[in-house]
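Presented below is the structure to which this report refers.
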Amino acid sequence: MKGEPYDPHAIEDRWRDFWHKRGFFKARIHDTSRKFYYLNMFPYPSGKLHAGHGRNYILGDAIVRFLIMRGWNVLNPMGWDAFGLPAENAAIEQGIHPRDWTWANIREFKRQFRAWGVEYDWDREIATCEPDYYKWTQWLFLKLYERGLAYRAQGKVNHCPHCEVVLANEQVIGGRCWRCGAEVEKRELAQWYFKITAYADRLLRDLEKLDWPEHVKRMQENWIGRSEGAEVTFKAEDGQDIVVFTTRPDTLWGATFLVLAPEHPLVDALTHPAHRDAVAAYREAATAKTEMERTAKALDKTGVPTGAHAVNPANGERIPIWIADYVMMTYGTGAIMAVPAHDERDFAFALKHGLPIIPVIARPDGLAKSFVFPGSVRSGLAEALARANIAFTAGPHRDRGEALYVTLRGEAEIDRYIDLVRAHLQPGSWCEVVGARWAFVFDDGVVPFDSVAADRKILARCKELEPKVGDKRTVMEMLAGLDFYRDVLFHAEHGTMIHSGPLTGTPGEAAVATTIRWLEERGVGKAAVHWRLRDWLVSRQRYWGAPIPIVHCPECGEVPVPEEDLPVLLPDVPTLGKQGLADIPEFILTRCPRCGGEARRDTDTMDTFVDSSWYFLRYVSPSDGKRPFDPELANRWLPVDLYVGGVEHAILHLLYSRFITKFLHDLGLLAFDEPFRRLFTQGMITYPAYWCPTHHWISPREVREGDRCPKCGAPLEVSVLAMSKSKKNVVPPDELIERYGADTERLYTLFMGPPERDIEWSEEGIRGAWRFLNRFWQLVIGELPRIAAVRREPDPARFDAAALALWRKLHATVQKVTEELEGRLGLNTAVAAIMELTNELSAYVERSDADLTLIRQTIRTVVLLLAPFVPFVCEELWHRLGEEKPILETPWPGYDPAALSEGEVEIPVQINGRVRARVRLPARDAADAEALKAMALGDPTVQERLRGHEVDRVIAVPGKLVSIVVR
RNA sequence: GCGAAGGUGGCGGAACAGGCAGACGCGCUGGCCUUAGGAGCCAGUGCCGCAAGGCGUGCGGGUUCGAGUCCCGCCCUUCGCACCA
Numbered sequence: 000m001k002g003e004p005y006d007p008h009a010i011e012d013r014w015r016d017f018w019h020k021r022g023f024f025k026a027r028i029h030d031t032s033r034k035f036y037y038l039n040m041f042p043y044p045s046g047k048l049h050a051g052h053g054r055n056y057i058l059g060d061a062i063v064r065f066l067i068m069r070g071w072n073v074l075n076p077m078g079w080d081a082f083g084l085p086a087e088n089a090a091i092e093q094g095i096h097p098r099d100w101t102w103a104n105i106r107e108f109k110r111q112f113r114a115w116g117v118e119y120d121w122d123r124e125i126a127t128c129e130p131d132y133y134k135w136t137q138w139l140f141l142k143l144y145e146r147g148l149a150y151r152a153q154g155k156v157n158h159c160p161h162c163e164v165v166l167a168n169e170q171v172i173g174g175r176c177w178r179c180g181a182e183v184e185k186r187e188l189a190q191w192y193f194k195i196t197a198y199a200d201r202l203l204r205d206l207e208k209l210d211w212p213e214h215v216k217r218m219q220e221n222w223i224g225r226s227e228g229a230e231v232t233f234k235a236e237d238g239q240d241i242v243v244f245t246t247r248p249d250t251l252w253g254a255t256f257l258v259l260a261p262e263h264p265l266v267d268a269l270t271h272p273a274h275r276d277a278v279a280a281y282r283e284a285a286t287a288k289t290e291m292e293r294t295a296k297a298l299d300k301t302g303v304p305t306g307a308h309a310v311n312p313a314n315g316e317r318i319p320i321w322i323a324d325y326v327m328m329t330y331g332t333g334a335i336m337a338v339p340a341h342d343e344r345d346f347a348f349a350l351k352h353g354l355p356i357i358p359v360i361a362r363p364d365g366l367a368k369s370f371v372f373p374g375s376v377r378s379g380l381a382e383a384l385a386r387a388n389i390a391f392t393a394g395p396h397r398d399r400g401e402a403l404y405v406t407l408r409g410e411a412e413i414d415r416y417i418d419l420v421r422a423h424l425q426p427g428s429w430c431e432v433v434g435a436r437w438a439f440v441f442d443d444g445v446v447p448f449d450s451v452a453a454d455r456k457i458l459a460r461c462k463e464l465e466p467k468v469g470d471k472r473t474v475m476e477m478l479a480g481l482d483f484y485r486d487v488l489f490h491a492e493h494g495t496m497i498h499s500g501p502l503t504g505t506p507g508e509a510a511v512a513t514t515i516r517w518l519e520e521r522g523v524g525k526a527a528v529h530w531r532l533r534d535w536l537v538s539r540q541r542y543w544g545a546p547i548p549i550v551h552c553p554e555c556g557e558v559p560v561p562e563e564d565l566p567v568l569l570p571d572v573p574t575l576g577k578q579g580l581a582d583i584p585e586f587i588l589t590r591c592p593r594c595g596g597e598a599r600r601d602t603d604t605m606d607t608f609v610d611s612s613w614y615f616l617r618y619v620s621p622s623d624g625k626r627p628f629d630p631e632l633a634n635r636w637l638p639v640d641l642y643v644g645g646v647e648h649a650i651l652h653l654l655y656s657r658f659i660t661k662f663l664h665d666l667g668l669l670a671f672d673e674p675f676r677r678l679f680t681q682g683m684i685t686y687p688a689y690w691c692p693t694h695h696w697i698s699p700r701e702v703r704e705g706d707r708c709p710k711c712g713a714p715l716e717v718s719v720l721a722m723s724k725s726k727k728n729v730v731p732p733d734e735l736i737e738r739y740g741a742d743t744e745r746l747y748t749l750f751m752g753p754p755e756r757d758i759e760w761s762e763e764g765i766r767g768a769w770r771f772l773n774r775f776w777q778l779v780i781g782e783l784p785r786i787a788a789v790r791r792e793p794d795p796a797r798f799d800a801a802a803l804a805l806w807r808k809l810h811a812t813v814q815k816v817t818e819e820l821e822g823r824l825g826l827n828t829a830v831a832a833i834m835e836l837t838n839e840l841s842a843y844v845e846r847s848d849a850d851l852t853l854i855r856q857t858i859r860t861v862v863l864l865l866a867p868f869v870p871f872v873c874e875e876l877w878h879r880l881g882e883e884k885p886i887l888e889t890p891w892p893g894y895d896p897a898a899l900s901e902g903e904v905e906i907p908v909q910i911n912g913r914v915r916a917r918v919r920l921p922a923r924d925a926a927d928a929e930a931l932k933a934m935a936l937g938d939p940t941v942q943e944r945l946r947g948h949e950v951d952r953v954i955a956v957p958g959k960l961v962s963i964v965v966r
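Right, here's the structure in full:
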């Protein structure tokens, strides 16, 4: 028998505007006794929302509805990150004003939110492109400028020669323009920067106090990239000081050359005349390279010598100065001391260019190797080694006869080995030990390989003895010719200092600190910390952004626009050029605020990340014309209690917002210094995307049989990717809602998997949600007549076993759902729990002796539990249940812990780790270890199993299981 | 290379304090209903086996009465960062 069919459209149309009109989503801003600031990252309004966006907004709406039912006064605003390139490009291409384009999209987004039943406090709506918002973005710039935290400096920018625009770093993909694919050029321009590096330590340190996903914190940590070490001053022969940064000052004695970045300011002065041309050519090639090329050829260690030399302050060694593009001007001091024995890059560079490599840190593993050349020792060494228990293998070496490959561990063994070799060495031969010991055994004695001088001496000697060494430039190059040695020639681990003059023998743990002290005492170095984080380049040579409020005056120079003259309005122009504001003379020409003379406005707009770095503050007082935000309200409502958005913002937006918050805190405007107390990053919804080599992205619905292109029939490349308009793999919510209703889409979106994980959208999956809602609807509608007249509350004392089981399930479900929503946001498992309860209820209502008070109570509870997920159908059913008060005014159901111990449970009994029986007993007894134990041991099946065995131990876990160990 | 997350049925996933592995949903199989099914309902569904039983959470060891979960050693996938000194 089927009742009235589930008609989502009729239901959803009925309730669509209800919640909004009743004002349930309006925050009571002055009452902060039980406040909760929930925030979704605001979107960039481009085109339309797709099902993938639902992951963020539907999730948020469900959480907020739950919080409201729990009695929180929720601030849940929404706005628009409305400045940006797509609007400007659309404007240039279609000749419409970016503002009109943007607002058309905003209207579309709002329509779609409404269709989803996703509600916000729309009285607080903001758009970053509106003058009453960007006025305060400019104000923020001025405040930073006042404190010296906004400055202008020369910098290289990415420029697309085809589009004639400057591109942000994120808009350069693989060295090419993201729009037209042209190769991006570097251009030197004066750029505005925010000095975020001044906050590096605090941004790092304060991560600790945030309730954020670990991986996001780790990403920020890496991005900020603190590294501790020392700055060491090397004197060039012509008297210049060259300061290098190193994290391994303990390797100083092994620094056999210096490398400067090609852009390093000292290069010109240092370069000797004979090298000038080569250096100039190399520098030019390096600057022409894009960042991509420079890193793509990462393994090719190119470089040229300057001809200059410096003195290693540790050992007085005269070492050459090179330039190479593996050293970046933007990190550290733009110069390094190369320690090829303990740095992989320096090792490769030194080997390639024939520079000496001197080990100065002992191997922590004590491993040493020795290759005994055929004929270099008298017979009998192999036998002697075997007697001495030294590991080796013998094998032919080319056509020269049999060689020995010896592997040694530990000092004592190495000493014994050297003695044996000396005893067997043929005159005119040599043999070396490398790794944990660096020694060359000649027929007249042992020469340690411990310095550049030793390198030269040993090499000369070897060349004398063996002509084949002839072309080798260093000892290490000679050794590197032998595969057997490869893994012991270089290591980057910490360890005891060797070959390091007075500091030789300093153990690994103390090495860095000891060396720094040594340097400081001699005035040639000091402890230093460097950061990977660089200052934030905020200039964009565009139109659709907040203009930088600076005037350039020929008399007064750089002059900030006075606060009372803000905002610097974007000029209204009929058509846009490709140069942004720089194309608009009316905008540029102005008067100097200081001297009143003719001056020019700065034509840069700010990066849109500046707009979004403070928007969460504006929501507390969105229409305040006198200040960016009401500090008193901000201090009461912020930090944001729960901030939800995509991981793609894990670094930039979140780092910038933290920086600006700390800055405003330092200005004394905010009492807190972290904007987002808890962060949740939802995963993306993926869907197959099809790529045709000629026609590019093809929408899945156009794909022909056998994954072929509809236009040319070519086989398509399929990959499952995050839904995106540009890849044409989006599922439009409008169609889903048309077919199944908004509740079905909401339910599937929340049920499909853990919200933090990426998951592929499935057509079958959404049908499952649709079927569940149908069953749920039929169940409730079918029971309405029976329970309409019921007034009594359920009384567990009168329940039979089946009723008690459902009663227990009901309370367990309320507990489960409440905990999931309050804790880890496991909405998928919350929905699953409600489905379980619904399934049990469906079975229960079929019973002839079903208790109507229980049915009524269960139905009412399920409707309330489901309301945050599927608000339309629940509001409808709640109404039909005869309730006057809307759900959002109804408290969230509670649960009674006592109910959890009602009825009977089944407990498994293990014997020697295997489940051999199950006992049924009252839940109350199962909670008692002794009662449970007795019940299990008394069970006939268990007794049968125990016959002939001695019980060794019985472990009873209350409510879980009994484990019996027998012999 | 470094950092992080992850590897569980045919699929998405569950098991969040070491306690019945596979909840919930999809798919599949059989049945009912139907002129019909991309509808609905009922039953089944990790693998091997007629069964009793055995085997099962990437692989190999270990701790424990008991391991998806803890420890040691590997393999693979995804995502960040990447010549950062």
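Numbering of the first sequence is given in numbering that gives the first Met the number 0, commencing with residue 0 and proceeding in unit increments.
All C-beta atoms, glycine included, are put in the ideal place defined by N, C-alpha and C.
One Cα belongs to Glu792, the other to Ile858, and the distance between them is close to 13 Å.
The beta-carbon separation of Leu424 and Asp449, rounded to 21 Å, does not stay under the 8 Å limit for a contact.
For the options Val965, Ala925, Val950, the alpha carbon positioned closest to that of Lys959 is the one of Ala925.
In the displayed model, Tyr689 falls within a strand according to three-state DSSP.
Relative to Arg201, the option among Arg923, Asp665, Ala849, Val523 whose CA is nearest is Asp665. Buried is the label assigned to Asp249, since at least 16 other Cβ atoms lie within 10 Å of its Cβ. The shortest C-alpha to C-alpha distance from Glu476 to any of Lys234, Thr860, Leu945, His352 is the one to His352. Met336 has Leu257 as its beta-bridge partners, per DSSP. Judged by DSSP in its simplified three-state form, Leu143 adopts helix. Here Cys461 carries a helix assignment [DSSP, helix/strand/coil].
When the beta-carbon positions are compared, Ile736 and Tyr747 stay at least 8 Å from each other. For Arg455, the three-state secondary structure derived from DSSP is helix. The shortest C-alpha to C-alpha distance from Arg917 to any of Pro130, Asn911, Val961, Gly893 is the one to Val961. Distance from the CA of Ile963 to the CA of Gly822, rounded to the nearest whole angstrom, comes to 36 Å. When secondary structure is reduced to three states using DSSP, Glu92 falls in the helix class. DSSP, reduced to helix, strand and coil, places Pro42 outside both helices and strands of the structure shown, so it counts as coil. Judged by DSSP in its simplified three-state form, Met496 adopts strand.
In the displayed model, Met218 falls within a helix according to three-state DSSP. Minimum Cα-Cα distance from Ala61 among the listed residues Leu931, Val816, Thr837 corresponds to Val816. According to DSSP, Val303 shares a beta bridge with Ile322.
For Trp613, no alpha helix (DSSP H) encloses it, and the DSSP letter there is neither H nor E. Cβ contact annotation for Pro426 (same chain, cutoff 8 Å, sequence separation greater than five): Asp442, in chain order.
Just measuring C-alpha positions, the residue of Gly712, Val702, Gly682 sitting nearest Leu720 is Gly682. Asp629 is the residue among Phe193, Asp629, Tyr119, Ala649 whose C-alpha sits nearest the C-alpha of Arg617. Residues Glu220, Ile223, Arg225 of the same chain have their beta carbon placed closer than 7 Å to that of Leu203, with the five preceding and five following residues left out of the count. DSSP places Ala199 inside the alpha helix (DSSP H), whose first and last residues are 199-204.
Look at the beta carbons and you see the segment 698-716 not touching the segment 76-96: under three pairs across the two are nearer than 8 Å.
Among the bridge pairs identified by DSSP, Cys430 is matched with Val440.
When secondary structure is reduced to three states using DSSP, Trp891 falls in the coil class, being assigned neither helix nor strand. Collapsing the DSSP output to three states places Asn728 in coil. Rounded to whole angstroms, the separation of the alpha carbons of Tyr150 and Tyr43 is 28 Å. Between Leu380 and Ser428, the C-beta gap is not smaller than 8 Å, which leaves the two residues out of contact. Following the DSSP letters along the chain, one finds Thr748 inside the alpha helix (DSSP H) bounded by residues 741-750. Between the alpha carbons of Val405 and Leu269 lies a distance of about 46 Å.
For Arg151, the pairing in a beta bridge is given by DSSP as Trp191.
Judged by their CB atoms, Leu502 and Thr495 are not nearer to each other than the 8 Å cut-off.
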